[in-house]
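A.B. asks:
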Amino acid sequence: MKLFNILVIFILVIGCGKKNSQLTSEAIDVALTHLSKEECDEALKVLLKLDGEEENPIYIQVLASAYACKADYKEINFLEDDLITLTTTSAVTIMTSLTKMTMSSQTEADSDDYVSILKGINTLLGATYGTPGQLARNQKFGIRRASYLGIQALLLQLVNLGKFLHFYGNVNNTGSKGQGGNTNTCFLNYTHFDATILINAGLGGICNTTNDGHPDLDLSSSDGKRRACEGVVLVANIIDIIDNLELGENNDLKVLEDFSEEINIFLDIAEQDGLGQFVTMTSQSDCETALNSASNLDDLQTYFVLIFEKGLQ
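Using the working numbering, you'd call the opening residue of the sequence shown number 2 and step up by one each time.
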């Protein structure tokens, strides 16, 4: 009798496992059908009803797609219409071309589209425990599946980096900083001695004064710190993914190898100046925590000059 009870329990457990797996597969199929019709909210409703799928890489990818769908993001269009326009001869041409991509236009901080893309990014980056990184995804999911997660995250981050540069850099339709609809010519207001020296030396291009930063990147406010960290984390994760993936086998992504090489020139200078923690800062929460320190806030200003002001002239 005892053996019979054990077998019954075993069969029930196995049966439930199969049933849950089948329900998950069916839900993902339904969500994909909704996404094919651009029914983003319906896809999200189906996916968010599932429990315990945070370890399922297919679920993670489809959920991220559902969030991005709400921003009218279509991966094939981004690859065919935007990524091919990326000019990678220097960090300056890279950042300028990012601002001119079709999805880069941004008229307010934390816009619905930006936040939707960010939710997709965070879904993918949060697939591992601890500090996000491509190597951690490789270890958890295996190189093949992790590469799918990484490439999806990479493309979404390029979209939001374009939005970040476009809005906070106040660009016009040619990608010229400080010439857009806002009044600022700089990303930040600069008070730290090292940062002001660099600005006064002309490193920021049109940003040649220390008090003309974007009001939504006010480092005295929690929202300003969060948004500044979003820019830092976007760059760090993009470079982390490119440097830890084999992109040569994908013709659509080969251009990003030069992207990494050129941006890394700027990042290496920042690291040599003692800003290494921001160069490799792939965690939004770690970045915001770091900015509780006054010295780190000073370092962030210098980072912004060396990466964003110098990169977007």
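Yeah, the Cβ is synthetic: ideal placement off N, Cα and C, and Gly gets one too.
All values derive from a computational prediction rather than experimental measurement.
Is the distance from the Cβ of residue 67 to the Cβ of residue 51 below 7 angstroms?
C.D. replies: Counted from its first residue, the sequence shown places residue 67 at position 66. Counted from its first residue, the sequence shown places residue 51 at position 50. Going by C-beta atoms, residue 67 is not nearer than 7 angstroms to residue 51.
A.B. asks: Let me make sure I understand the geometry here. Which of 103, 291, 71, 73 has the alpha-carbon closest to that of residue 86?
C.D. replies: Along the sequence shown, one-based indexing puts residue 86 at 85. With distances taken between Cα atoms, residue 86 lies closest to 103.
A.B. asks: Please confirm if the segment 287 to 307 is in contact with the segment 249 to 262, defined as three or more CB-CB distances below 8 angstroms between the two stretches.
C.D. replies: no
A.B. asks: Determine the direct distance from the alpha carbon of residue 98 to that of residue 120, and round the result to whole angstroms.
C.D. replies: Position 119 of the sequence shown, counted from the first residue, corresponds to residue 120. Position 97 of the sequence shown, counted from the first residue, corresponds to residue 98. Those two C-alpha atoms are separated by around 24 angstroms.
A.B. asks: DSSP three-state call for residue 96: helix, strand or coil?
C.D. replies: Sequence index remark: in the sequence shown, residue 96 carries index 95 (1-based). Looking at residue 96 - three-state DSSP - the assignment turns out to be helix.
A.B. asks: Could you name the residues of the same chain whose beta carbon sits closer than 7 angstroms to that of residue 207, not counting the 5 residues immediately before and after it, in chain order?
C.D. replies: What you label residue 207 is simply residue 206 of the sequence shown in a count that begins at 1. Excluding residues within five positions, the ones whose Cβ falls inside 7 angstroms are 178, 179, 186, 314.
A.B. asks: Starting from residue 288, follow the alpha helix (DSSP H) in both directions and report where the run begins and ends.
C.D. replies: Within the sequence shown, numbered from 1, the residue matching residue 288 stands at position 287. Note, residue 288: alpha helix (DSSP H), 285 to 291.
A.B. asks: In the structure shown, what three-state DSSP assignment does residue 208 receive?
C.D. replies: Indexing the sequence shown from 1 puts residue 208 at position 207. Looking at residue 208 - three-state DSSP - the assignment turns out to be coil, as it is neither helix nor strand.
A.B. asks: Are the segment 158 to 165 and the segment 101 to 118 touching by the rule of at least three beta carbon pairs closer than 8 angstroms?
C.D. replies: Yes, they touch.
A.B. asks: Alpha carbon to alpha carbon, what distance is there between residue 184 and residue 299?
C.D. replies: Counting from one through the sequence shown, the residue named residue 299 turns up at place 298. Counting from one through the sequence shown, the residue named residue 184 turns up at place 183. Taking C-alpha positions only, residue 299 is separated from residue 184 by approximately 24 angstroms.
A.B. asks: In angstroms, rounded to a whole number, what distance separates the CA positions of residue 251 and residue 201?
C.D. replies: Position 250 of the sequence shown, counted from the start, is the residue given in the question as residue 251. Position 200 of the sequence shown, counted from the start, is the residue given in the question as residue 201. One C-alpha to the other measures close to 43 angstroms.
A.B. asks: On a Cα-Cα basis, can you pick out the residue from 212, 75, 91 that is closest to residue 311?
C.D. replies: To locate residue 311, count along the sequence shown from 1; it is residue 310. Closest option to residue 311, judged by alpha-carbon separation, among 212, 75, 91: 91.
A.B. asks: Go ahead and label residue 130 buried or exposed: buried means 16 or more other beta carbons lie within 10 angstroms of its beta carbon, across all protein chains shown.
C.D. replies: Working through the sequence shown from its first residue, we reach residue 130 at position 129. Label assigned to residue 130: exposed.
A.B. asks: Candidates 56, 233, 36, 33: which alpha carbon is nearest residue 142's?
C.D. replies: For the purposes of this step, residue 142 is identified with residue 141 of the sequence shown, where counting begins at 1. If we check each option's Cα against that of residue 142, 56 comes out closest.
A.B. asks: Short of 7 angstroms in beta carbon distance, which residues of its chain neighbour residue 125, apart from the five on each side in sequence? Order them along the chain.
C.D. replies: Taking the sequence shown and counting its residues from 1, the one referred to as residue 125 is at position 124. Around residue 125: 61, 65, 150, 153, 154.
A.B. asks: Could you tell me which whole alpha helix (DSSP H) segments of length 4 or greater appear in the segment 122 to 187?
C.D. replies: The alpha helix (DSSP H) runs of length 4 or more contained entirely in the segment 122 to 187 are, from start to end of the chain, 135 to 142, 144 to 169.
A.B. asks: Taking the alpha helix (DSSP H) that residue 265 belongs to, which residues open and close that run?
C.D. replies: Mapped onto the sequence shown, residue 265 falls at position 264. 256 to 273 is the span of the alpha helix (DSSP H), which, as asked, contains residue 265.
A.B. asks: Quick one: give me the first and last residue of the alpha helix (DSSP H) that residue 45 is part of.
C.D. replies: Reading the sequence shown from its first residue, position 44 is the one you call residue 45. Taken as a continuous stretch (DSSP letters only), the alpha helix (DSSP H) holding residue 45 covers 41 to 49.
A.B. asks: Under 7 angstroms, do residue 234 and residue 285 count as touching if we go by C-beta distance?
C.D. replies: As a first step, residue 234 is located in the sequence shown; it is residue number 233 there, counting from the start. As a first step, residue 285 is located in the sequence shown; it is residue number 284 there, counting from the start. The answer is yes: Cβ separation under 7 angstroms.
A.B. asks: Using the C-alpha atoms, what's the distance from residue 29 back to residue 308?
C.D. replies: Here residue 308 is taken as the residue at index 307 of the sequence shown, counted from 1. Here residue 29 is taken as the residue at index 28 of the sequence shown, counted from 1. Cα to Cα, residue 308 sits roughly 40 angstroms from residue 29.
A.B. asks: Out of 281, 54, 273, point me to the one whose CA is closest to residue 242's CA.
C.D. replies: What you label residue 242 is simply residue 241 of the sequence shown in a count that begins at 1. Here the closest residue by C-alpha is 281.
A.B. asks: Where do the ends of the alpha helix (DSSP H) carrying residue 226 lie?
C.D. replies: Position 225 of the sequence shown, counted from the first residue, corresponds to residue 226. Unbroken alpha helix (DSSP H) run through residue 226: 223 to 244.
A.B. asks: Any idea if residue 73 is buried or exposed, counting beta-carbon neighbours within 10 angstroms, 16 or more meaning buried?
C.D. replies: Here residue 73 is taken as the residue at index 72 of the sequence shown, counted from 1. Residue 73 is exposed by the Cβ-count criterion.
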